[in-house]
Amino acid sequence: MNKLDRYILLKFIGSFFLTMVLILSIAVVFDISEKLDDFQNGASMHEIIFDYYINFIAFYGNLFSALILFISTIWFTSRMAS
């Protein structure tokens, strides 16, 4: 693998993970805002909430992976063109 291939691969992987973090963080924020009353009314359930969001991120990361791959490819290609 030469330097150009490594450079392109690292730029693509960086844009993929950045896009994944952004989309999943938006999904988590919307889910927290919908369930905020349940979290406030319940007892101290930090471990249950933590376990829920670990599984939530894994599930939606897998579900949105094709969309995230498409968006990051478009974003990466547009950054490489300029």
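At position 8 of the sequence shown (counting the first as 1) the number is 22 in this note's numbering, and the numbers step up by one without a gap. Here a beta-carbon is modelled for each residue, glycine too, at the ideal position from N, C-alpha and C.
Of the listed residues the options, nearest to residue i (C-alpha basis)
i          : options           : result
residue 90 : 24, 17 and 51     : 24
residue 44 : 67, 32, 59 and 28 : 67
Contact belief for residue i with residue j at Cβ below 8 Å, rounded distance in angstroms
i          : j          : result
residue 71 : residue 42 : 7 Å
residue 74 : residue 36 : 13 Å between Cβ atoms; not a contact.
residue 88 : residue 34 : So it is not a contact: roughly 14 Å between Cβ atoms.
Which of helix, strand or coil DSSP assigns to residue i
i          : result
residue 16 : coil
residue 78 : coil
residue 59 : coil
residue 96 : coil
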